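Reading through the structure tokens given below for one structure.
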Amino acid sequence: MQFIASSGDECAAFFRDFIHADRKVLCVATLGFNDVCLHFSLALSAFPNVDFLFLVEERPEVSEVLRQVATRNRDALLASLKGRNVQFESVAIVAEDTANVAGRRAARVCATSIGKSYTDIVVDASSMSRGVCFPVVKQAYEMSKRPGGANAHVVVAGRNQPSIKATSTSSDAPQYVHGFQADMDTYDVRKAIKLWIPQLSEQSVASLGRIYRFLEPHEACPILPFPSWNPRRGDELLREFQLPVLNDWDVNLLDVIYAHESDPTDVCETITRIHRSRADSFHASIDEPARTILSPAGSRIGSVGMLLASLRLDLPIVYEESIGYTSSLSSVPELSERPPDHLWHVWLRP
Amino acid sequence: MDNPFKKRRTELITDRRTLLSLVSPAPIEEFFRLDRAELIDKLAMVVGTPGCGKTTIAQVVEFESLSTLCQTTASPINKDLVDVLTINGLIKEGLPAVLGHRLAMTTNFRDIWELPYSEQTRTALLRAFVQSKAVLGWFRQLEGMGVSADDIDIVMGANSESVVAVTSADDPRAFRQYARDIELAIFRVVTSLVPPDEKEMASEFLNTRYDVFEVLTGVRVRSWTNSPEAPPAVLRPMMIIDDAHELHPTQFLQLRDWLKSKAMGVSRWLMCRPDVVSADDYRDALAKDVVAEEDMKPGSTRGRDYLIKLMQLGPSKEKRFKPIATDIANRYIAGIPEFARRSLRELRPMLSQNAVALPDGQLKQLQDQIDKLAKDSRFSKSLVDTLRARIPATARPDEALAALRILMHRERNRTPQMGLLPDDAVREEPVTDERKAAASLIEGARIQLMHQFDRPYYYGMDKLIAASNANIEQFIRLAGGLVDEVLARVIRDRSPDLVPKAQHTALVTQATQAMNEWDFPYNAVVRELVKKIAERCVERTLRPNAPLDDGANAIGIPQDEMDRVLHRHERLARVLHFAFAYKALVFVPQYNCKGKVWCLLELGALPSMAHGLTLHRGGFIEDTLSGLQAMLPTDGA
């Protein structure tokens, strides 16, 4: 897979030059409490030939105030999309028995829409859960490989500091993102030598610890954000993860990976370089093949980098789904007029 | 070796030899003690909370473990364990007798339920996936010990010609390849982004049935790589399905009903958490648990086509946990060089039970309270002395005073018409009965002293064991904290005795810290629920007359009301699911008391310690389902 990436103002320029009248574009997005979810939908609403499919992620435990913020965002967006072809689809994240069904349900919902006669599918990952976004992007990408298939694009907007502070509650069950298991857990890779590349992020020690126990990797190379908006963030994270990194995961500090906090292509290229050099070293090891497993956490922009690497190299991704969000907000704040700090558009080319 | 207590979970010990050297034979012996034959012949449902030792037992009976243990080396890895496994028929003549493999129910198995196919097709896929994984697992176990496919024969039962032909069972390599093909075909269907439709799946992916469990009876090993002189042996295949609670509830029932078929030649265990077991099964298992005390067959049901093995719960189990915990502790202690060098081999003597006594000032304060109470209640000295005589002489002075205070409050409550007596009248004779104060009342007195004067309460080996909820992982974790303290003393050349105050502080700190670290779904709701239950229990425990002696640590809901909740997919059921799974609450169904059947929601030992409650079981506050529901905070709070 190759990709063409644009960032910042280049994104708007790309849309202007690319979305001609003969194109038929579907924008797949979510409407969450994070207002960055509005940016690309509003930007694309300027083009009359763009349809919208909004996935409404249904989680059992979300604070009422966050639901109200999401409604505020929805109202703001709908005001701009009057008369447009807009569709809302609910996606259950958790089944009745608490199993994570996010990716499977999202793929089912999108299968019909993505299969229609669009020339381009744009997936907005800005506020979409990884468990929903990754399968949908993969679905669009797989579709783009078919003759006459629609082009697949991913867009993501992000802020250095979130406008609303919310705490996510992880499920306690690590699992492969739907469609991102590669051949893991099959007999053929029973003796695989596993390298685990987790993205370290605040308050994810317990969750990444569970993922570690689930995978039992032979090596772990955590990714720290550097360069970063807060130059100390990497150090602070290393401090937070001191116990698992130095004890349970037994990480050699020379194996810590630094990747740009807000550049998904840097994350992708770093992982690609590591995986390929490792694959070269292990190419003669038939019985004990090498496998690289990714675990995204934290900001969406970095996660998109992992997604690109996974699509390019068919790497498995393990994560824990969020089953809810809580916030200490007491009232619904005004919609911020500040534009997102980072904008990325990636065109996935088979 | 590192301090083994630091590895809280055996899953973190990846080296099998290290794991096996640490495994205590006591829980294995206890597990097999009474149901030996049935555990091998029938479907056994092994039910227990996380950390109760299920997975460790499963790991021990895996073929690789049995083979590793059987290896003749200069220093045996764990001779006691070999003896227990030999007595129970898992090792025969120095060779493994079963070919065990543990198969955890990952999300791939659960995901089969999500496929857009008929229930019949999904059931068939689940069975085929389990069987193909099992067959491949057995091969993996054999390979792990150097037994190649060329050294074995697949042994099938009678009337299995057609299965032999389809699965190529007469050629072990082809038999394995067939299982790989089945595994991969189902894997592709399950992990595909959008699954193929049912007809396409049936024609392109999977077009034959795969039923080997019903005809496979053994695997003959013709030659043993690690023991060339050992004779050929037929191993009985054994499938241990772990984490069965991860399946969809309907899948769980389907799997259970299929595996209980008597026609199966494969030994099979189904391991799961208590909350997924049906109320009927639980009722039966617990009813038999009572009978068991007489015929010595605890925690398992008989006379039906499967066996339920409760790994904990039930008072009989608690008693038997004591020697198990002691053995584990001593085994771990032996692995710490600092202790070995100083010939320290047991944990019990390190946890000092030396007298804890209130300082004189506080003792006087307590005495003053009693004098005032006697005066206010118009109790004569002789009445107080009569009450005092009911307290066992073994009670320490401060305990005796606190117990006396409780007895005086009880006496006072029984004489409500004091206002009718003249002002100068005093009462000489007690109206309460003359029984000796029970040991539980002395415990209640100690708990009151803990709350009033910060007097240590959680100390000594017995309290440590009680604080473990009969759960091995929890025991190791708590003991680890105490061992750390002892280790620090020993390294500084001080006596290894850990004073009660230090033990109490270490245990309560660990309990609080563990609760702060709760990071599981609905943890905020569980915290709130635990807090509210604990507040009610503390209030009941600290009542001056200690109505439940040592107090309460549970609420009781009528069992029939509770059954309805557990069968529904509502929020309360999900919250309780995680509360039980993480031992925030202990699920005690079918508890008979006052002619009614209750389901107790008992605070786990950690929350009990964090809130200063008794670790004894049985004291509960009666409530109702609506009362329980009212304790839950609203959605997403």
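Residue numbers (the working numbering), protein chains in the order written: chain A, 1 to 350; chain B, 1001 to 1637. Each residue gets a CB set at the ideal place from its N, CA and C atoms; glycine is no exception. As the structure is a prediction and not an experimental result, all values here were calculated from the model.
Residue i - DSSP class collapsed to helix/strand/coil
i, result
"Arg969 (chain B)", "Outside the modelled stretch of chain B, which goes from 1001 to 1637, sits residue 969 (chain B), for which no answer is possible."
"Cys1599 (chain B)", "strand"
"Pro1274 (chain B)", "helix"
"Val1290 (chain B)", "Its pLDDT being 43, under 50, Val1290 (chain B) is placed unreliably by the model, and nothing is read from it."
"Cys1052 (chain B)", "coil"
"His283 (chain A)", "coil"
"His275 (chain A)", "helix"
"Leu308 (chain A)", "helix"
"Thr1624 (chain B)", "coil"
"Arg1102 (chain B)", "strand"
"Pro1076 (chain B)", "coil"
"Thr30 (chain A)", "strand"
"Gly131 (chain A)", "helix"
"Val245 (chain A)", "helix"
"Lys24 (chain A)", "coil"
"Trp1518 (chain B)", "coil"
"Val1164 (chain B)", "helix"
"Asp9 (chain A)", "helix"
Test: residue i CB closer than 7 Å to a CB of chain B
i, result
"Leu348 (chain A)", "no"
"Arg146 (chain A)", "no"
"Gly179 (chain A)", "yes"
"Ala150 (chain A)", "no"
"Tyr212 (chain A)", "no"
"Ser327 (chain A)", "no"
"Ala70 (chain A)", "no"
"Ile4 (chain A)", "no"
"Ser168 (chain A)", "no"
"Asp35 (chain A)", "no"
"Ser228 (chain A)", "no"
"Ser330 (chain A)", "no"
"Ala309 (chain A)", "no"
Paired residues, beta bridge with residue i - DSSP
i, result
"Leu224 (chain A)", "A:Tyr258"
"His342 (chain A)", "A:Gly158"
"His1248 (chain B)", "None; His1248 (chain B) has no bridge partner."
"Gln2 (chain A)", "A:Arg349"
"His178 (chain A)", "Answer is none; His178 (chain A) lacks a bridge partner."
"Ser168 (chain A)", "A:Tyr325"
"Gly1694 (chain B)", "Not covered by the structure: residue 1694 (chain B). The range shown for chain B is 1001 to 1637."
"Pro1237 (chain B)", "B:Leu1099"
"Asn100 (chain A)", "A:Val94"
"His202 (chain A)", "His is not the amino acid found at residue 202 (chain A); the sequence shown has Glu there. Answer by DSSP bridge pairing: none, since Glu202 (chain A) is not bridged."
Chain A within 7 Å of residue i, Cβ atoms only
i, result
"Arg1302 (chain B)", "With a pLDDT of 48 at Arg1302 (chain B), under the threshold of 50, the modelled position of this residue cannot be trusted; read the value that follows with caution. By this cut-off, Arg1302 (chain B) is not an interface position."
"Arg1140 (chain B)", "yes"
"Gln1251 (chain B)", "no"
"Thr1509 (chain B)", "no"
"Arg1574 (chain B)", "yes"
"Arg1110 (chain B)", "yes"
Beta-carbon neighbours of residue i, restricted to chain B and to distances below 9 Å
i, result
"Ile323 (chain A)", "Pro1521 and Tyr1522"
"Thr186 (chain A)", "Leu1136, Arg1180, Glu1183, Leu1184 and Phe1187"
For residue j and residue i, believed in contact at Cβ under 8 Å, the rounded distance
i, j, result
"Leu1464 (chain B)", "Arg1455 (chain B)", "Actually they are not in contact, since the Cβ atoms of Leu1464 (chain B) and Arg1455 (chain B) sit about 18 Å apart, beyond 8 Å."
"Lys191 (chain A)", "Glu288 (chain A)", "5 Å"
"Gly1612 (chain B)", "Val1538 (chain B)", "7 Å"
"Ile257 (chain A)", "Pro222 (chain A)", "7 Å"
"Phe3 (chain A)", "Ala43 (chain A)", "Their Cβ separation, rounded to whole angstroms, is 20 Å, which puts Phe3 (chain A) and Ala43 (chain A) out of contact at 8 Å."
Interface residues of chain B facing residue i [CB-CB closer than 7 Å]
i, result
"Gln175 (chain A)", "Thr1107"
"Pro135 (chain A)", "Leu1193"
"Ser171 (chain A)", "Pro1521"
Residue i: contacting residues in chain B (beta-carbon distance under 8 Å)
i, result
"Val101 (chain A)", "Glu1114"
"Ala279 (chain A)", "Here the premise fails: no neighbours, minimum Cβ distance about 22 Å."
"Glu142 (chain A)", "Leu1193"
"Arg104 (chain A)", "Asp1111 and Glu1114"
"Ala29 (chain A)", "Result: empty, since nearest Cβ-Cβ is about 19 Å, beyond 8 Å."
Closer than 8 Å at the beta carbon, the chain A residues around residue i
i, result
"His1248 (chain B)", "Ala95, Asp97 and Ala99"
"Val1194 (chain B)", "Ala107, Arg108, Ala111 and Gln139"
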